[in-house]
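My numbering numbers the first residue of the sequence shown as 22 and each following residue consecutively.
Okay, so here's the structure we're looking at.
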Amino acid sequence: MILQKSFLYADLLFEDVPGVRRHLVKKSAKGQVVHIGKDHKEPSSRIRTKLDRTPHEVFVELNELLMDKNQEMHWKETARWIKFEEDVEEETERWGKPHVASLSFRSLLELRKTISHGAVLLDLDQKTLPGIAHQVVEQMIISDQIRAQDRANVLRALLLKHSHPSDGKEHSLFNRNISATSLGSLISHYHSSNHIATIQIFPLFPQKDTPQFFGLHKTKSKHELKLLEKIPEDAEATVVLVGSVDFLDQPTMAFVRLQEAVLLESVLEVPIPVRFLFVLLGPPSANIDYHQIGRSISTLMSDKHFHEAAYLADERQDLLTAINSFLDCSIVLPPSDVGGDELLHSIVRFQREMLHKRHEQEVKLQAKEAKSPEDMALRPPLKPEDDPLRRTGRLFGGVIRDAQRRYPKYISDFKDALSPQCMASVIFIYFAALSPAITFGGLLGEKTEGLIGVSELIIATAMQGMLFCLLGAQPLLVVGFSGPLLVFEESFYSFCRSSEIEYLTGRAWIGIWLVIIVVLTVAFEGSFLVRFVSRFTQEIFSFLISLIFIYETFFKLGKIFMDHPLGSCYGREENDTALPTPTSDGRSPDASQTLNQPNTALLSLLLTAGTFFIAFYLRKFKNSAFFPGRLRRAIGDFGVPIAISTMVLLDYSIKDTYTQKLSVPDGFSVTSPDKRGWLIHPLGSDGQFPIWMMVASILPALLVYILIFMETQITTLIVSKKDRMLVKGSGFHLDLLIIVVAGGVSALFGLPWLTGATVRSVTHANSLTVMSKAVAPGDKPRIQEVKEQRVTGFLVAFLVGLSIVIGDVLRQVPIAVLFGIFLYMGVMSLNGIQLTERMMLLLMPPKYHPDHTYVRKVRTLRMHLFTCLQLVCLAVLWVVMSTSASLAFPFVLVLTVPFRRFLLSRIFTHREIQYDAEPSIDDRESQDEYTEIQMPV
């Protein structure tokens, strides 16, 4: 009975009585597009403000007119768009997986038809849903879409309550047909003009609900807060209302753009201001699918190009043109039984070509518009980009410019570190820096017979790392030891031993020459040469070092199997060698006491394999679907420390099997106190170091400089990519000067040289990256900012230095565990190298090749030829490295640069090798492919 009275009083209210006048409607000269003012009584002398048509990000919500379980009509949210489409599953009433919307071609054509004949209201100046609904209904009558007697029914339908999946069983505080908030706004809207109608509508609600009617306030739920994090802060909403009703004879449509975005209470599931509304109502007998048309307009509004056109549209034709542009980039699939990856591959490839054509047309249009005199007069003069690799033409001009650019931000480098994320980064990067220091230190101690080991490498990492973080232009770089330097140290030690030259004294002279070389290079701004190091050389360099890591792992394991061969059985009768025990100072026993130990080889293999697979699969676990995201990422980030700890505990629990441990001295002493001290005399221990070697040391110094130059500069390029959104800049010249000078001086103390370690530096930058929370469900997170500061790198280096005091703990680490980390670094470094992918393609039929740019744009045989030439260069470098001429392999590596620039340019066309472009700090092409290049730690 109450429901019938409600409709009766609503009919009286919605009639076109004199107290409710139509707003002034201004017709456009082109079709029935209306620009509606607030009221025709507004004084003409009022100054009109310029309309804000700045495009915003959009949140789209599709509401359909459905019947609830109480047989009452209401608007039910069935889908939403932040970027991708999310649908409400009917059975479970929960949100489905975000996906790219697929539309029927007919629904797009029907949508275009309805917009071309329906009502289009642009810049409507209304603040409430009843006011908007009233204007929409009036325009529907003016455009002859509905009859005057249908006014009340249509208006009542537009003001029905809205329900959302997050509402639960109770859709609203008021279980009535018309939403409480809408009617409250309606009463307020008409209070001054129709007092009687206002009084008559009160019986719609019991008296106990009346106070709540005026004081309705909804607290944000956990669901709303979570969803709001996914929506950009400046987003504006689009409400799509579609459904079938019995009282209409033909479909009626209205597209509304409000003059200002307004909050419409209880309409959306989140409090987002609404800027656009789309209404489509019609009879069930109409030969159209209301749901599909609603999905079509919702998908169009979520498209960047279309909703920008909707913001800027002046008339109906602008919307139709935008729809045509959308159709030009859409794909129609004919009925077919073909499916799977082949269909997906063809769709993605075809659409990419269509989008590329649209982008080219936009670029041409922008270039044409920029040539107009009016546009040039309004356009401010372009400021030349500050490219850190651009030469100044002055002596030491690059270093001075780097200092002038970076040091004014010095104070902010400490203020920006006041963030919990920075503290978390310190813990993570500490393990990432300590693990390679221990690994390389142990291997370096073996190759130099204890002259340089774990102790020296830890101290060098700490001292040089803290110095660089205090003075460097790009403190996100993490300085550390690397594979190329390990190869050089082994080669130079073998040369000195065979030539009966003191190894540490020779290194000291190399350090002196390094300082001279870097000063001369920086004085003449030689860092610009990094522009000529193309991906061709980078991939060879990366692949070679990865092979070194993998080869060294299996070579050392093979040596363990040779020292401890497997036998048919082990017993005291056949092998009475007692299990070796550590010496009194905690060091491992001599090799003569540790041969032919039972089960040593098998346990070493188990420790190596276990460390590798735990670290490898924990990294993959980071991208799995198990556990919450934060826990999953934490486990993946700490995969290497977890792997090391697990295998060390396993080894510690096995008491009856010998494994070789790290040789770590007590305190801040050198690895071999009986062989050397901290200070290296330039004339040798006996003062008889040959003068010719002092001069000849310039050659190995040049080779070391090449290694440090290439890895440090390429690392800076990767860390400083534009899409990382760094704002404080980099300094190629200044950073190179600090790293090389610090390494040169360290050689006088018998400490190793360091370089900008690629993987550790990229990991450091990633750990300080703040990702935007306003990410559409199913979309990839975008970088919001990077915490550019000096504190995290300084603390990491400081903590690495303090690790020397935990020698008792480090002496429990088996060498085999470090072999597993070595293998992990080698295998992971192969990922993302384009050369590795193209080597796989050599074994695949062309029809199974992935959809990469270099696959689509280059003929298969030409691509294979390019790969084979890289493999030839790689084989030459491996042969040089494996012979007595291994000291020359950095020089041979440099020769790949002119080989690529001068020889390959004659074999391949520019179009074929343009995807091997030289790296540049402002290179925008193939950014993703360049980012994926990862060189070993």
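Note that the Cβ used here is the ideal one computed from N, Cα and C, for glycine as well.
Predicted model, so just to flag it, every value in this text is computed and none were measured.
Candidates the options: closest to residue i by CA position
i, options, result
"Asn345", "Thr632, Arg133, Pro721, Val783", "Arg133"
"Val748", "Asp339, Thr790, Val780", "Thr790"
"Glu467", "Ala453, Asp437, Val500, Glu510", "Glu510"
"Leu348", "Ser125, Ala282, Glu329", "Ser125"
"Ile252", "Gln734, Leu279, Arg803, Asn308", "Arg803"
"Pro911", "Val897, Leu497, Arg168", "Val897"
"Ile538", "Ala722, Ser265, Pro355", "Ala722"
"Phe502", "Asp677, Gly493, Ile459", "Ile459"
"Ser741", "Arg316, Gln495, Arg337", "Gln495"
"Arg278", "Leu916, Val300, Asp144, Ser666", "Asp144"
"Ile827", "Leu498, Val475, Gly414", "Val475"
"Val113", "Ser123, Phe843, Ser187, Ile163", "According to the sequence shown, residue 113 is Thr rather than Val. For Thr113, the nearest C-alpha among the options comes from Ser187."
"Thr1037", "Ile153, Val500, Tyr673", "Because the chain in this structure spans residues 22 to 958, residue 1037 falls outside the shown range and cannot be described."
Terminal residues of the beta strand (DSSP E) in which residue i lies
i, result
"Val277", "273 to 283"
"Asn101", "Checking the displayed sequence, the identity of residue 101 turns out to be Arg instead of Asn. Start and end: 94 to 102."
"Ser265", "257 to 265"
"Asp584", "Unbroken run through Asp584 is the alpha helix (DSSP H), 556 to 584; no beta strand (DSSP E)."
"Val141", "140 to 145"
"Glu107", "106 to 108"
Reduced DSSP secondary structure (H/G/I, E/B, other) of residue i
i, result
"Ser456", "helix"
"Thr667", "helix"
"Gly698", "coil"
"Met860", "helix"
"Ser835", "In the sequence as displayed, the identity of residue 835 is Pro instead of Ser. Three-state DSSP puts Pro835 in a strand."
"Asp790", "For the sequence presented, residue 790 should be read as Thr rather than Asp. Correct three-state label for Thr790: strand."
"Met484", "helix"
"Ala218", "At Ala218, the pLDDT of 32 sits below 50, so the modelled position is not reliable; the number obtained from the coordinates is stated separately. Three-state DSSP puts Ala218 in a helix."
"Ile842", "helix"
"Val121", "coil"
"Trp774", "coil"
"His873", "coil"
"Arg296", "strand"
"Ser515", "helix"
"Ser645", "coil"
"Gly847", "helix"
"Ser503", "coil"
"Ile804", "strand"
"His185", "coil"
"Lys749", "coil"
Residues of its chain near residue i, where Cβ-Cβ distance is below 7 Å and the 5 sequence neighbours each way are ignored
i, result
"Phe770", "Trp699, Leu700, Ile701"
"Ala282", "Glu257, Pro294, Val295, Arg296"
"Val830", "none"
"Arg74", "Tyr332, Leu333"
"Leu525", "Leu472, Arg697, Ile701, Gly771"
"Ser206", "The predicted position of Ser206 is uncertain, since its pLDDT is 43 and thus under 50; a value taken from the coordinates is nonetheless stated next. For Ser206, where only same-chain residues beyond five positions count, the Cβ hits under 7 Å are Thr149, Leu150, Pro151."
"Ser690", "Ser476"
Residue range of the unbroken alpha helix (DSSP H) whose run includes residue i
i, result
"Thr177", "It is worth fixing the name first, because residue 177 is Arg in this sequence and not Thr. First-last of the alpha helix (DSSP H) with Arg177: 172 to 179."
"Leu639", "621 to 642"
"Gln338", "337 to 349"
"Glu809", "No alpha helix (DSSP H) holds Glu809; DSSP gives it neither H nor E."
"Leu83", "Leu83 -> not in any alpha helix (DSSP H); beta strand (DSSP E) instead, spanning 79 to 88."
"Asp756", "753 to 767"
"Ala330", "325 to 333"
"Val536", "524 to 544"
Same chain, Cβ closer than 6 Å to residue i, five either side skipped, listed in chain order
i, result
"Pro119", "Phe105, Glu107, Pro798, Gly799"
"Arg426", "Gly750"
"Gln661", "Note on identity: in this sequence residue 661 is Val, with Gln being the wrong assignment. The residues are Ser456, Ala636."
"Val291", "Glu245, Leu248, Leu249"
"Pro703", "Ala529"
"Phe549", "Leu410, Arg412"
"Pro871", "none"
"Asp707", "none"
8 Å Cβ shell around residue i - same chain, five flanking residues per side excluded
i, result
"Asp606", "No answer about Asp606 holds up, because its pLDDT of 41 lies below 50 and its placement is not dependable."
Is the stretch 849 to 857 close to the stretch 550 to 560, with three or more CB pairs under 8 Å? Contact holds: three or more Cβ-Cβ distances are below 8 Å.
Would you check if the stretch 429 to 441 and the stretch 562 to 569 touch, i.e. whether three or more CB-CB distances between them fall below 8 Å? Cβ pair count under 8 Å is below three, so no.
Count the C-beta pairs between the stretch 300 to 313 and the stretch 259 to 266 that are closer than 8 Å, then say yes if the count reaches three, no if not. In the pairwise beta carbon analysis, the stretch 300 to 313 is classified as touching the stretch 259 to 266: at least three pairs are separated by under 8 Å.
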